[in-house]
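Q:
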Amino acid sequence: MALPVAAAPPVRRGPLPWLLLRLGGVVFVLWAVATVTFFAIRLIPGDPAEAVLGGPGSQASAAALAQVRADYGLDLPLPLQYLHYLGRLAAGDLGRSYSLREPVGAVIGQNLGGTLLLALLSLLTAAVIALALAAWSTRGGRWASAVTWVLEVVSAALPHFWLAISLILLFSTTLGWLPPVSVPGPAGLVLPVLTLAIPLAGFLGQVMRESLLDALGSPFVLAARARGESEAGVFWRHALRHAAIPAIGLAGWAFGALISGAVVVETIFARPGIGRSLLSAVQLRDVPLVIGVVLVVALGYMLVTTLTDLADRLIDPRPAPTTAHRGRS
Amino acid sequence: MKRFVAPLIAIASVALLVAGCSTTSTGSSDGKPVAGGTLVYATGDAEPTCLDPHVGGNYPQALVATQYLESLVSKNKAGDIIPWLATKWSESADGLSWDFTLRTGVKFTDGTPFEADAVAANVAHLQDPATASSTGYLALQKVTGVTAVDRHTARITLSSPDSALLDSLSQPWLAIESPTALKRSQAVNCESPVGTGPFVVTKWTHQQSISLVRNEGYTSPPADAAHTGAAYLKAIDWRFLPDSVSRYAALTAGTVDVIDNVQPDTLVAAKKSKDLVALDAPRPGASNRIELNSSIAPFDDARVREAFIRSANVNDAVTSLFFGTATRSYSALSSVEKLGVSEPKLFGYDQKAAATLLDAAGWGTKNADGYRTKNGTVLELDFPVSTNQSIPAEQSLFEQLQATSKQAGFKVNLHPLDLSSWYGALGKNQYNLVSAPYTKVGPDVLRILFDSAGTKPAPSGYFANHSQVKDPALDALLEKAAQTSDQTERASLYKKAQEIVLGGFYILPLYDQQNHFLRRSVVSGLRAMPTVSTPTMYDAWLSR
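Chains as they are written, first to last, in UniProt numbering: chain R, 1 to 329; chain G, 1 to 544.
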């Protein structure tokens with residue numbers, strides 16, 4: 001497998017123009033995301049005013065609908081609504097959620113922490129599982145290699161909803177070890193984290209195993225062994241660093257996968273979080289909340305990719321063209 | 001509902017002892033209620049957008065509001081109106097005003113006394129467009145005002161006689177809230193509505209739970225309650241658990257004590273467990289039915305409507321998909337409605353009759369796929385299905401009906417849609433078949449569903465007469481019934497109206513609107529209100 005970030009840019013720009021360019025890119029992406037989301041959700045059929053009034057079983061009166069439309073500015077032409085929305089957005093105001101009757105910023109503030117905690121723990125768990133599988137596979141011989149390969153492929157292909165329900169049936173209903181829905185405290189986090197971590201571990205494991213094998217067969221490992229480095233030392237100090245690079249390159253993608261998985265996991269385990277907010281917001285045509293969540297996720301995605309770019313430079317043991325002495329191998 | 005609570009608890013207690021379980025049970029096996037404890041209720045219904053059921057007005061709001069708000073009147077199991085916050089009522093001779101004598105000594109949980117001006121403030125709140133009430137607003141359409149005759153007598157005046165007034169007032173969407181609390185902003189009132197009920201809302205953590213604690217000064221149970229004074233439970237933890245598998249898993253694990261929206265397969269599984277007890281509480285109002293849009297081809301021809309109904313093998317589908325948890329309905333109304341008329345012979349499955357009817361209606365030719373055609377047009381039916389309102393078993397049922405009506409030559413196109421898109425499809429009149437629940441107390445629901453006035457879409461495109469029945473004779477019957485307080489005459493008018501609806505093949509009744517609950521056997525005294533079948537925790541107690 002080719003390494004995603006093979007080399008640093010040949011010419012280093014000064015930090016300021018680079019930062020401005022990057023910032024401009026961020027603003028452009030956020031604008032594009034807000035615009036596409038706004039029109040996408042308004043162009044699918046359905047009247048937000050009707051949904052605000054409770055939906056099934058409650059016939060909204062004309063007066064009630066008119067009131068809601070006036071309250072939320074839904075009686076204006078769509079392009080005008082868009083411009084108003086964009087204007088408020090530029091001023092940093094995400095608007096008020098139609099369905100929760102709270103500022104979108106506050107809703108996201110209340111729910112972001114839960115999702116980030118879930119995503120972070122899942123990422124760590126996935127990394128640990130992937131590492132364990134990769135290590136066993138490279139050192140356990142032919143049989144271990146075959147077994148881990150199957151495990152990785154299967155777990156990478158598991159849909160979140162199926163995995164979540166299977167874990168509930170196994171660990172809660174049959175064994176009775178863990179609560180089937182989120183309860184306060186660490187026990188309530190175990191099943192949601194495993195649901196997100198197992199498929200991710202499958203992907204990461206496949207990537208890490210290949211680059212571990214590459215690294216273990218490469219001259220610098222031979223050199224390290226020749227220097228009298230222990231097996232563990234070779235593995236942890238040399239090969240692993242190599243193997244981590246492609247995995248870190250996948251972090252941006254993993255972040256996206258975790259957030260989309262959070263929509264399912266938070267709903268099934270009844271955990272508060274932005275994934276669950278997003279699902280109900282889309283169903284209710286709660287435009288401000290949908291855009292708010294999508295913007296935050298987009299921002300998070302860009303932040304993660306920027307950080308992985310940085311991390312790549314720090315971890316990559318190979319000498320970069322302009323800083324020749326960073327690597328020690 | 002006829003569950004033998006006490007023996008089950010006894011069995012459960014014995015089972016616990018035999019198993020050597022060390023839980024010190026505070027409950028007694030003789031069925032004597034115990035005070036205290038927190039009951040955890042897990043709902044699969046959508047989370048309300050506002051806890052004040054005056055705003056909007058849907059079932060999820062009614063479910064939770066039953067715990068903290070109360071209405072002027074209620075209903076008993078036999079379907080008769082009984083006293084609640086009002087002890088007596090009388091209709092004037094011309095039917096244009098009603099005097100309600102109010103219960104004395106009742107206080108809202110914010111300390112405001114419950115008096116006639118509170119009733120006036122609530123009606124005004126429901127009728128104020130700024131409240132954006134839909135269900136309550138519709139129910140009060142004939143109400144012109146409320147005057148306080150004295151502190152404990154409220155007079156409701158009407159523009160025309162309303163035989164459905166008591167039914168309407170019994171619904172949780174018209175519950176009485178503290179007039180002091182209603183003066184707060186809507187945002188605040190939505191978070192913490194104040195009523196006279198047995199519990200008080202203390203905290204609403206969005207997307208997670210609502211915390212309710214016992215109202216220690218409670219004095220106003222409905223006439224059919226099992227006890228008086230404060231509730232047994234100290235608190236209720238009302239959780240939102242949207243996924244049906246994890247909701248049931250949480251119940252079996254004992255994380256929660258009561259769940260709603262129990263699916264047919266889950267009910268069957270729960271029967272095997274002695275720790276779980278089912279409560280079946282069909283909702284009032286309309287039965288679950290498929291509505292046939294008579295305003296556009298091909299269902300503008302009554303023969304084609306009858307042919308579709310004859311070609312749909314509902315009974316086998318209900319049996320195979322609901323495992324005996326649902327009973328087939330042949331009525332426009334729920335089985336809990338006393339005035340419902342059932343006509344099984346109109347809905348018999350008969351492919352031969354369907355074929356004859358279609359031949360007679362000019363759909364005599366079939367294309368290569370086996371679908372009937374007329375002048376080159378295929379006999380196609382669009383069926384938008386609301387995935388929010390139709391449970392998975394019902395969606396499968398529609399698929400089975402699609403298969404059986406194909407034998408007659410109908411091409412049914414099922415379109416699964418989320419709620420908003422589904423409303424959109426109805427508003428554009430782009431449907432031939434549709435199934436929509438309608439919960440309301442009393443037979444007046446027929447006027448909402450079948451009066452020609454219900455075919456005119458609201459500005460949103462929403463309307464309730466999905467069959468688009470426009471029959472002046474039916475309109476006249478329904479209007480007369482709505483104004484007739486003589487019970488015998490009223491029953492006879494509603495009977496005639498239902499015969500027109502059923503005989504015109506405007507609807508295909510399926511079953512009552514399903515409303516199943518499961519409780520752990522440690523919960524006793526749980527019952528559904530006979531009004532809109534929401535569970536009440538007032539008489540409930542825990543033995544653990």
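The beta-carbon is built from N, C-alpha and C at its ideal position, and this holds for glycine as well.
1. So with CB distances below 7 Å, who are the chain G contacts of R:Pro179?
2. For G:Gln468, which option in G:Gly504, G:Thr49, G:Pro113 has the closest C-alpha, if you only look at C-alpha atoms?
3. Mind checking whether R:Ile168 and G:Ser246 have CB atoms under 9 Å apart?
4. Assign G:Arg544 to one of three DSSP states: helix, strand, or coil.
5. How about the segment 122 to 139 of chain R and the segment 170 to 182 of chain R: do they share at least three Cβ pairs that are nearer than 8 Å?
6. For R:Phe161, I'd like the list of residues in its chain whose CB is within less than 6 Å of its CB, leaving aside the five on either flank, ordered along the chain.
7. Give the interface partners of G:Gln263 over in chain R, defined as CB-CB distance under 7 Å, in chain order.
8. So, at 6 Å on beta carbons, what are the nonlocal neighbours of G:Asp280 in its own chain, with the 5 sequence-adjacent residues on each side left out?
9. Where does R:Ala270 sit, in a helix, a strand or coil, going by DSSP?
10. Would G:Val146 and G:Val123 be called neighbours here (beta carbons separated by less than 9 Å)?
11. Flag G:Phe240 as yes if its beta-carbon sits less than 9 Å from any beta-carbon of chain R, otherwise no.
12. Spell out whether any CB of chain C is found under 9 Å from the CB atom of G:Pro129.
13. For R:Thr308 versus R:Ile259, is the C-beta spacing smaller than 9 Å?
14. Using the beta-carbon of each residue, which ones in chain G are nearer than 7 Å to R:Pro272?
15. Give the C-beta separation of G:Ala286 and G:Gln514 to the nearest angstrom, bearing in mind that I take them to be a contact with Cβ-Cβ under 8 Å.
16. Where does G:Asp539 land, buried or exposed, given buried means 16+ other C-beta within 10 angstroms?
17. Give a yes or no on whether the minimum CB-CB distance between R:Gln67 and chain G is below 9 Å.
18. Please compile the residues from chain G whose C-beta is within a distance smaller than 7 Å of the C-beta of R:Val183.
19. For the segment 148 to 174 of chain R, which residues have a CB atom closer than 9 Å to at least one CB atom of chain G, in sequence order?
20. Using a Cβ cut-off of 9 Å (strictly closer), state whether R:Gln206 contacts chain G.
21. Please check if any C-beta of chain R sits within less than 9 Å of the C-beta of G:Thr202.
22. Do G:Trp541 and G:Ala35 have their beta-carbon atoms positioned less than 9 Å apart in this structure?
23. Can you round the beta-carbon distance between G:Val258 and G:Tyr59 to whole angstroms, since I take them to be within the 8 Å contact cut?
24. Are the segment 431 to 447 of chain G and the segment 262 to 269 of chain G touching, with three or more C-beta to C-beta distances below 8 Å?
25. Let me know the secondary structure DSSP gives G:Trp173 once reduced to three states.
26. Where do the N-terminal and C-terminal ends of the beta strand (DSSP E) with G:Arg155 fall, by residue?
27. Under a CB-based cut-off of 9 Å, is G:Thr38 close to chain R?
28. Report, in whole angstroms, the separation of the C-beta atoms of G:Val194 and G:Ser178, which I expect to be a contact under 8 Å.
29. Given a cut-off of 9 Å, decide if G:Ala175 and G:Ala148 are closer than it, judged by their beta-carbon atoms.
30. Tell me, please, whether the CB atom of R:Ile268 is closer than 9 Å to any CB atom in chain G?
31. State the Cα-Cα distance for the pair R:Val33 and R:Ala298, rounded to the nearest angstrom.
32. Leaving aside the five residues before and after G:Gln61 along the sequence, list all residues of the same chain whose C-beta is less than 6 Å from its C-beta, in chain order.
33. If you measure beta-carbon to beta-carbon, which residues of the segment 109 to 139 of chain R are closer than 9 Å to chain G?
34. Roughly how many angstroms lie between the CA atoms of R:Phe203 and R:Gly233, to the nearest whole one?
35. Residues in the same chain with beta-carbon distance under 6 Å from G:Pro172, minus the five sequence neighbours each way, listed in chain order, please.
36. Chain G partners of R:Gln81, CB-CB under 7 Å?
A: This is what the structure holds:
1. Ala253, Thr255
2. G:Gly504
3. yes
4. coil
5. no
6. Val264
7. Within 7 Å Cβ-Cβ: nothing; G:Gln263 doesn't reach chain R, min ~13 Å.
8. His516
9. coil
10. yes
11. yes
12. Absent from the structure is chain C; the protein chains it does hold are R and G.
13. no
14. Gln207, Gln208
15. No, G:Ala286 and G:Gln514 are not in contact; Cβ-Cβ is about 13 Å, not under 8 Å.
16. buried
17. yes
18. Thr255
19. Phe161, Ala164, Ile165, Ile168, Leu169, Ser172, Thr173
20. no
21. no
22. yes
23. At roughly 16 Å, the Cβ-Cβ gap does not stay under 8 Å, so G:Val258 and G:Tyr59 are not in contact.
24. no
25. helix
26. 153 to 158
27. no
28. 4 Å
29. no
30. yes
31. 8 Å
32. Pro48, Pro53
33. Gln110, Asn111
34. 26 Å
35. Pro53, Ala62, Ala65, Thr66
36. None at all; the shortest Cβ gap to chain G is about 17 Å.
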